[in-house]
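S.K.:
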Amino acid sequence: MKSALFAAVLSLSGVAAQLTGPVGPTTDLSKKTIECNILNYGGVSDNSTDVADAIENAFKSCVLVHAGSRLVVPEGNYLIKRTAILSNGTNWAFQLDGLIILAYGGNWTVDRELILQGFAGVEQLNATINGEGDGLFLQNGITIINGMA
2 MKSALFAAVL
12 SLSGVAAQLT
22 GPVGPTTDLS
32 KKTIECNILN
42 YGGVSDNSTD
52 VADAIENAFK
62 SCVLVHAGSR
72 LVVPEGNYLI
82 KRTAILSNGT
92 NWAFQLDGLI
102 ILAYGGNWTV
112 DRELILQGFA
122 GVEQLNATIN
132 GEGDGLFLQN
142 GITIINGMA
């Protein structure tokens, strides 16, 4: 009897913890048709050229101009030597198909209050990131500010 009661309570506890609304991006990826490829903005897949400028340029010149776009880092090996700040984008996706390596001893200074400030409606696709092992890529490598849905 006690085991049946325990099983009933256990099964109900899972029901109470279920989500009641949508989870994840509010816009389907198939609707993000404008591709903002960092290779078109000076990015080089040679694992020695800093791609921070290319990421920021693609974001400012393409993502900010085209709501519902994708910032694409295509297949390849990329090096980033400083924080790239992506601020005030609307309804966009970050598609990371390549490998971004954070340079040892790079300039990773960014105000902590800016880290992922207003992060909403931004979708990260794929993610392979190597660095110094401190787990701070999204905090210091690429900082997204006011990503709005």
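Position in the sequence shown (first residue = 1) + 1 = our numbering.
Where is the CB? At the ideal position from N, CA and C, for every residue including glycine.
Do residue 48 and residue 87 have their C-beta atoms within less than 7 Å of each other?
M.R.: The sequence position of residue 48 within the sequence shown is 47, counting from 1. The sequence position of residue 87 within the sequence shown is 86, counting from 1. No, Cβ-Cβ distance for residue 48 and residue 87 is not below 7 Å.
S.K.: Since I believe residue 55 is in contact with residue 39 (beta carbons under 8 Å), could you give me their beta-carbon distance rounded to a whole number of angstroms?
M.R.: The sequence position of residue 39 within the sequence shown is 38, counting from 1. The sequence position of residue 55 within the sequence shown is 54, counting from 1. 4 Å between Cβ atoms; contact.
S.K.: Using only the alpha-carbon positions, how far apart do residue 58 and residue 106 sit?
M.R.: What you label residue 58 is simply residue 57 of the sequence shown in a count that begins at 1. What you label residue 106 is simply residue 105 of the sequence shown in a count that begins at 1. Their backbone Cα atoms lie some 23 Å apart in a straight line.
S.K.: On the three-state DSSP scale, how would you describe residue 81?
M.R.: One-based indexing of the sequence shown puts residue 81 at position 80. If DSSP states are grouped into helix, strand and coil, residue 81 belongs with the strands.
S.K.: By DSSP, does residue 65 sit in helix, in strand, or in coil?
M.R.: Here residue 65 corresponds to residue number 64 of the sequence shown, with the count starting at 1. Three-state DSSP puts residue 65 in coil, outside helix and strand.
S.K.: Can you have a look at residue 70 and say buried or exposed, based on whether 16 or more other CB atoms are within 10 angstroms of its CB?
M.R.: Position 69 of the sequence shown holds residue 70. Looking at its Cβ environment, which holds 16 or more other Cβ atoms inside 10 Å, residue 70 is buried.
S.K.: Helix, strand or coil for residue 38 per DSSP?
M.R.: For this step, residue 38 is matched to residue 37 along the sequence shown. Strand.
S.K.: Once the 5 residues before and after residue 32 are set aside, which same chain residues still bring their CB inside 8 Å of it?
M.R.: Counting from 1 along the sequence shown, the entry for residue 32 is found at position 31. 69, listed in sequence order.
S.K.: With respect to the alpha helix (DSSP H) encompassing residue 58, which residues constitute its N-terminal and C-terminal limits?
M.R.: The count along the sequence shown starts at 1 and reaches residue 58 at position 57. It spans 53-59 - the alpha helix (DSSP H) in which residue 58 sits, taken as one unbroken run.
S.K.: Reducing DSSP to helix, strand and coil, say where residue 31 ends up.
M.R.: Reading the sequence shown from its first residue, position 30 is the one you call residue 31. Three-state result, residue 31: helix.
S.K.: Could you give the residue range of the beta strand (DSSP E) that holds residue 73?
M.R.: On the sequence shown, residue 73 is found 72 positions in, with the first residue counted as 1. That run of the beta strand (DSSP E) goes 70-74.
S.K.: Helix, strand or coil for residue 50, going by three-state DSSP, please let me know.
M.R.: Here residue 50 is taken as the residue at index 49 of the sequence shown, counted from 1. Coil at residue 50, not helix or strand.
S.K.: Taking just the CA atoms, how far does residue 42 sit from residue 74?
M.R.: Walking along the sequence shown from the start, residue 74 turns up at place 73. Walking along the sequence shown from the start, residue 42 turns up at place 41. Computed Cα separation, rounded: 11 Å.
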